[in-house]
Amino acid sequence: MAGLAVSTTINGDSVEYLCQPDETLLDVLRDRLGLTGAKEGCGTGDCGACSIILDGRLVCSCLVLGAEAEGRRVETIEGMADGDVLHPLQQKFIEHAALQCGICTPGFLIAAKDLLARNPDPTEEEIRFGLAGNLCRCTGYDKIVRAVQDAASVMRAA
Amino acid sequence: MYSLNYHRASSVADAVKLQKKGEDAKFVSGGMTLIPAMKSRLAAPSDLVDLAHIAEMKGIKVSGKTVTIGGGTTHAEVATDAKLKAVCPALSYLASHIGDPHVRHKGTIGGSIANNDPAADYPAAMLALGATIITNKREIAADKFFTGLFETALKDGEIVTGVSFTAPAQAAYEKFRNPASRYAIVGVFVAKGKDGVRVAVTGAGDEGVFRAKGMEAALTKSFVPASLDGLAIPASGLMSDMHASAEYRSSLITVMAKRAVAKASA
Amino acid sequence: MGIEGIGARVARKEDRRFITGAGRYVDDMVVPGMKHAAFVRSPHAHAEIKKIDVKKAKAMPGVIDVLLGKELKTDGIGNLICGWMIHSKDGTPMKMGAWSPLAVDRVRYVGDAVAIVVAETKSQARDAAEAVEITYKELKSVTEAVDALKKGAPQIHPEADGNLIYDWEIGDAKATDAAIAKAAHVTKMHIVNNRLVPNAMEPRAALGHYDKAEDHYTCWTTSQNPHVARLVMSAFYNVAPENKLRVIAPDVGGGFGSKIYIYPEEIVCLWASKKTGVPVKWVADRTESFLTDAHGRDHVTEVQMAFDKDNKITALKVDTIANFGAYMSLFSSAVPTYLYATLLSGQYVIPAIHANVRAVYTNTAPVDAYRGAGRPEATYLLERTVETAARELGVSPADLRRKNFITTFPYQTPVIMCYDAGDYAASLDAAMKAADYAGFAKRKAAAAKKGKLRGIGMSNYIEACGIAPSAAVGSLGAGVGLWESAEVRVNGVGTIEVLTGSHSHGQGHETTFAQLVADRFGVPIDSVSIVHGDTDKVQMGMGTYGSRSGAVGMSAIVKALDKVEKKAKKIAAHLMEADEGDIVIENGVAKVAGTDKNVPWFQVALAAYTAHNLPAGMEPGLKEGAFYDPSNFTFPAGCYICEVEVDPETGVTEIVQFVAADDFGNIINPMIVEGQVHGGIAQGVGQALLEGASYDGASGQLVTASYMDYAMPRADDLPSFQVSTSNTPCPSNPLGIKGCGEAGAIGSPPAVMNAITDAIGNNDLTMPATPQKVWAAVRAAKKH
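Protein chains in written order, with my numbering: chain G, 409 to 566; chain D, 3 to 268; chain A, -14 to 769.
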């Protein structure tokens, strides 16, 4: 099968790819474009490991078809740092040791970025509620919450 | 997922045309239910007709007390729309507690209503608000729309293009969520309008969303939580599963209804 | 300690790759020519395989081959084994049934692998897997261990009569019964420890690659112990001899025990790669993970705890039935025996203990070690029972515990363990202070005004980590030794590589292990690299589980560092014409003590490799290896206090406060240790409030096989945790480390359950304490 030709923007770059209509955007990113930062933790949209931002909105890329990205803007973990300069969330995740095995981390960072874009000064409760679509089995979330709070204050001051 | 064809519809008319052409074509709006079902091979449409880019199905209009929401409006948009929040914060709250942020950014009100999952939140709101479901062919009263588990009055080729309702004087939604899926185990939407109080219950009925008429009568008399003392929906018509027995659901309906009344009155 | 040495809160070195999405997990690996596998799995809990027809599947687009168990047998691939021999009390060895990597004539649980399909794409492999036609004859199945022991229960393996794998005991039955007979009070409990699905967020995966030219196999796998995987696949499964098999466990996305075991899939992928001539990759989807990852816990226990008139515990009698699932997984037999019953003394002086354990086959997923492994089950029954006894005796739970604490060390329990150090009262005091235990009554009254039931509960756990010494575990039936290896390689420019047999899958070894080196030589941790997870790079190791990497893995590194330091000092002394005994190495410099004479570390290293000017007779190079075999277990212990508010109308429990006071011995990186405790508590709270694997008794189907039905703790389900440590160094290892990986999961479930039952005034409550169960228990309490 020839597949569908899709033109999209990924992390600011124009990208064109061919994909099958039954391929998810997650599979396209990982298998066709080599962007393996988004992970498949469940494939059913329940764990958030595949989080990306699509046209400014946080979604699970495992529930988006590759074809749906036509003409849209995709942001992935690979585009979060500005070259070697880490995003404040990335920096604070390191400082607070807000990750352990790392498999869910790209998803959390993307989800947290979206959260802070909508609510720059969230309470702990709002952070916990806002990150409830992402599962982490290692950290118990405590240090993730701390890191997001800290990053939020840095970003507000910037 | 089985192989399929994907089409992006540019208008409602285009969507209908595309759907007709397919052998077993399905509309997809946000895909938050359909795509997982397809991935787990429980659904295998020949074609998907994507409604997400139809401009005429998007947006929220508030004119006085009249609210119209396009079928393609996402839960997140419903949750955060300032005009809607001003006239019907109960619906904003409901939308803000559907699933998780990822679902709210992609799932749509039209998709949710058309799917009529017995544990979905919107059907309770539509019933309690006495909303009108607008399709590409007609307008259907919510009371006539939800016909059973995953069953609606929609016919083949019919699309929920929007909903409209008159914002009630007082309303609230209280949800007791499934700890795993975060769907409603019991969700109660209470609305006090000019024609009295309407109470709709989702997540619990073994035939899907329903109105609690006894509670409506009691609350129409006096819109206070205590009006529901001793009133319960019998367990016999309620769902029972590993997360909640019918008896537990029955108890939760009264508790959630009282809390909704208290919240609506606050 | 220095800013990067032992005890420093050093940011994790490994994190940069993870936070930029550059981590490399098995599913991220691509090998040229790689194809994709899907497994055909049994939809039945118990059935005979009558016929398998692969014709249709083989003709599907993209299909390279469909392979069956019969072919696997023909090629001499062996059955899976359990590596720890347990003997029943009558002296007979455990009854291990055959577990073929691909079932041949019978399937024994839903998810049992029957065939592998290799195809061009994942999707094609799955399509073809659906097209494999298997004729089954369904048999009666059983999912509960208690039922499997009953007369007339379906016989699951011919080797294990009545499904009984072993009937094992420990302790003194006579003395225990006698003490119970003359007790002033006996507390009796029926304890159920719910079955859990480990749920590492990275699903299991395997990539098998047979290189025909080299006649060599490589397996990338999601393993906590790649060397053990290689050993077992070579020695028992005949996949390939060790010298022709390389096992790589790259970044691994969490394990919690479930990735210790060698599963059918990695064996079959390696074998299939040779059969098909292409590299074969398999990645579990989440449903497969739920169905086939080894589950945890699943004990049913009757317990009696006897007290004298002074409320001193005089005896403990335990009778446990442990569900092993359909096959004996690699470590399964040790979990409800040596990892469980040997901890039944808890933190208490208990003169007489007897435990009987029956291990039972059922038609469910295999059950094995999951975070804590046996120790959570022991702690749960002890701490629920002690708390219950306090309520029955009308004394404070803290006082009853304190009265019975072990206070002198070493302390020999009646169940093998000899505790070497601890201060249980210190942890109890710290936790009670942090929790403002004294102020609870006020908070309870305030909650009552809001219509909430407030309760408080504690749990004083002890666990054993760093299982060892090897000779001792060997005598208890272990098939392997439980030492660890390390190699420290100083390069010519002074940078250092540490090769370890431990495996990091979230524990932060790349940081803590480097801190040891930084501490020793005063070099920056950036100049230290930790190499692990590859059998071609690290010669041998036992992997990471049982909180052993600190106590055992790091001790091996210390031994190797000792040797490197010794040689480096000799070289430095020679270079500076000083006495070896006067050399100190610090801040990256070797100095002659009391003088200003020094040589930078890199020059010592360079001298070792140029070998132009070494002491007479010294070999060039600066590289040393060591194996460390501990002389004893380590015994972390602590006190956890949980405070809850229950909504009596809905049964919802909110944890309003959670305090952990642990004694982990010395700590290398407090920030990492806190994270381990947080994560452990989250899993323990998950067990207590949310999680439970549930099989439908009639069909044997796993009804909690997705995140829609299996409730995982999410960010808004959990509180912040107040954690602290008060440490008594472990005397048996050079660093004084006890281990911290499992404590949270061990200590927290009883604290939560004690708090809820305290709140609602009804002790009849099982885990998970879901809102529905709590609501029912509240109503039942009202009726009384």
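Even for Gly, the Cβ is constructed at its ideal location relative to N, Cα and C.
- [ ] Run down chain G in chain order and give the residues with a C-beta less than 8 Å from the C-beta of residue 229 (chain D).
- [x] Near residue 229 (chain D) there are no residues of chain G at all, since even the closest Cβ is about 31 Å away, more than 8 Å.
TODO: Look at the alpha carbon of residue 739 (chain A) and the alpha carbon of residue 183 (chain A), and state the distance between them as a whole number of angstroms.
DONE: Near 24 Å, if we compare the C-alpha coordinates of residue 183 (chain A) and residue 739 (chain A).
TODO: Could you check if residue 152 (chain D) is buried or exposed, using at least 16 other CB atoms within 10 Å of its CB as the buried criterion?
DONE: It counts as exposed.
- [ ] Assign residue 175 (chain A) to buried or exposed, taking buried as 16 or more other Cβ atoms, counted over all protein chains shown, within 10 Å of its Cβ.
- [x] The residue in question, residue 175 (chain A), is exposed, as its Cβ has fewer than 16 Cβ neighbours within 10 Å.
Open item on the list: Pairs of beta-carbons, one from the stretch 295 to 306 of chain A and one from the stretch 158 to 176 of chain A, closer than 8 Å: are there three or more?
Closed with: Using a Cβ-Cβ distance cut-off of 8 Å, the stretch 295 to 306 of chain A and the stretch 158 to 176 of chain A are in contact, since at least three pairs of beta carbons, one from each stretch, lie closer than that value.
- [ ] Please work out which residues of its chain come closer than 6 Å, Cβ to Cβ, to residue 629 (chain A), disregarding the five sequence neighbours upstream and downstream, and give them in chain order.
- [x] Same-chain partners within the cutoff: 440, 638, 640, 740, 741, 744.
TODO: Determine whether the Cβ of residue 471 (chain G) lies closer than 8 Å to any Cβ atom of chain B.
DONE: Although the question refers to chain B, the structure presented lacks it and instead comprises the protein chains G, D and A.
- [ ] Compare the C-beta of residue 634 (chain A) with all C-beta atoms of chain D and state if any pair is closer than 8 Å.
- [x] Yes - at least one Cβ of chain D is within 8 Å of the one on residue 634 (chain A).
Task: Burial state of residue 572 (chain A), where buried means 16 or more other Cβ atoms lie within 10 Å - done: Classification of residue 572 (chain A): exposed, given that the 10 Å Cβ count is below 16.
Task: residue 356 (chain A) and residue 668 (chain A) closer than 8 Å at C-beta - done: Cβ distance < 8 Å, so residue 356 (chain A) and residue 668 (chain A) count as in contact.
TODO: Select from the stretch 443 to 456 of chain A all residues with a C-beta closer than 7 Å to any C-beta belonging to chain G, and list them in chain order.
DONE: Answer set for the stretch 443 to 456 of chain A: empty.
Task: Cut-off 6 Å between Cβ atoms - residues of its own chain near residue 294 (chain A), not counting five sequence neighbours on either side - done: For residue 294 (chain A), where only same-chain residues beyond five positions count, the Cβ hits under 6 Å are 169.
Task: Helix, strand or coil at residue 236 (chain A) [DSSP, three-state] - done: Three-state DSSP puts residue 236 (chain A) in a strand.
Open item on the list: Closest to residue 473 (chain G) by C-alpha separation, out of G:452, G:535, G:557, G:536, would be which residue?
Closed with: Nearest to residue 473 (chain G) by alpha-carbon distance, out of G:452, G:535, G:557, G:536, is G:452.
Task: Of the listed residues A:327, A:627, A:485, A:505, nearest to residue 521 (chain A) (C-alpha basis) - done: When only C-alpha atoms are compared, the closest one is A:485.
Open item on the list: I'd like to know whether the C-beta of residue 95 (chain A) is nearer than 8 Å to at least one C-beta of chain D.
Closed with: So no, residue 95 (chain A) is outside the interface.
Task: Distance CB(residue 83 (chain A))-CB(residue 348 (chain A)) smaller than 8 Å - done: Pairing residue 83 (chain A) with residue 348 (chain A) gives a Cβ-Cβ distance that is not under 8 Å.
Open item on the list: What residue range does the beta strand (DSSP E) around residue 760 (chain A) cover?
Closed with: Judged by DSSP secondary structure, residue 760 (chain A) falls outside any beta strand (DSSP E) and instead within the alpha helix (DSSP H) spanning 756 to 768.
Open item on the list: Once DSSP output is grouped into helix, strand and coil, what is the label at residue 273 (chain D)?
Closed with: For residue 273 (chain D) there is no data in the structure shown, the boundaries of chain D being 3 and 268.
Task: residue 328 (chain A) vs residue 245 (chain A) beta-carbon contact at 8 Å - done: The answer is no: Cβ separation not under 8 Å.
Open item on the list: When you compare the CB positions of residue 468 (chain A) and residue 537 (chain A), do they come within less than 8 Å of one another, or not?
Closed with: Contact: yes.
Open item on the list: Here's the rule I'm using: 16 or more other beta-carbon atoms within 10 Å means buried, otherwise exposed. How should residue 403 (chain A) be labelled?
Closed with: Classification of residue 403 (chain A): exposed, given that the 10 Å Cβ count is below 16.
TODO: Tell me whether residue 527 (chain G) is buried or exposed, calling it buried when 16 or more other Cβ atoms sit within 10 Å of its Cβ.
DONE: Counting Cβ neighbours within 10 Å, residue 527 (chain G) comes out exposed, since fewer than 16 surround it.
Task: Within chain G, the residues that residue 223 (chain D) reaches when beta carbons sit closer than 7 Å - done: Residues of chain G passing the Cβ test: none, with the nearest at roughly 36 Å.
Task: 8 Å contact criterion, which residue 619 (chain A) and residue 724 (chain A) should meet: CB distance rounded - done: The Cβ separation is near 6 Å, so the contact holds.
TODO: Hey, could you find the ends of the beta strand (DSSP E) residue 462 (chain G) is sitting in?
DONE: Counting along the chain, the beta strand (DSSP E) containing residue 462 (chain G) begins and ends at 459 to 462.
Task: Simplified DSSP assignment, three categories, for residue 67 (chain A) - done: The answer is coil: DSSP assigns residue 67 (chain A) none of H, G, I, E or B.
Open item on the list: If we define contact as Cβ-Cβ less than 8 Å, is residue 244 (chain D) a contact residue for chain G?
Closed with: Closer than 8 Å: no.
Open item on the list: According to DSSP, is residue 612 (chain A) part of a helix, a strand, or is it coil?
Closed with: Per DSSP, reduced to three states, the secondary structure at residue 612 (chain A) is strand.
Open item on the list: Quick check on residue -14 (chain A): does DSSP put it in helix, strand or coil?
Closed with: Low confidence applies to residue -14 (chain A): its pLDDT is 48, below 50, so where it sits in the model is not reliable, and the reading given next is rough at best. Residue state, collapsed to three classes: coil.
Task: Uninterrupted beta strand (DSSP E) stretches inside the stretch 671 to 735 of chain A (no shorter than 3 residues) - done: List check, beta strand (DSSP E) in window: 707 to 710.
- [ ] Could you tell me the distance, in whole angstroms, from the CA atom of residue 532 (chain A) to the CA atom of residue 522 (chain G)?
- [x] CA-to-CA, the gap between residue 532 (chain A) and residue 522 (chain G) works out to about 36 Å.
Open item on the list: Given a cut-off of 8 Å on the beta-carbon distance, is the pair residue 67 (chain A) and residue 417 (chain A) in contact?
Closed with: In this structure, residue 417 (chain A) does not lie closer than 8 Å to residue 67 (chain A) by Cβ.
Task: Those runs of the beta strand (DSSP E) which lie wholly inside the stretch 283 to 353 of chain A and span at least 3 residues - done: Taking 3 residues as the shortest admissible run, the stretch 283 to 353 of chain A contains the following complete beta strand (DSSP E) segments, listed from N- to C-terminal end: 298 to 310, 337 to 346.
- [ ] Name the residue from A:670, A:592, A:588, A:563 whose alpha carbon lies nearest to the alpha carbon of residue 581 (chain A).
- [x] For the residues A:670, A:592, A:588, A:563, the minimum Cα distance to residue 581 (chain A) belongs to A:563.
Open item on the list: Check whether the stretch 474 to 482 of chain A and the stretch 407 to 423 of chain A are in contact - that is, three or more C-beta pairs closer than 8 Å.
Closed with: No, the stretch 474 to 482 of chain A does not touch the stretch 407 to 423 of chain A.
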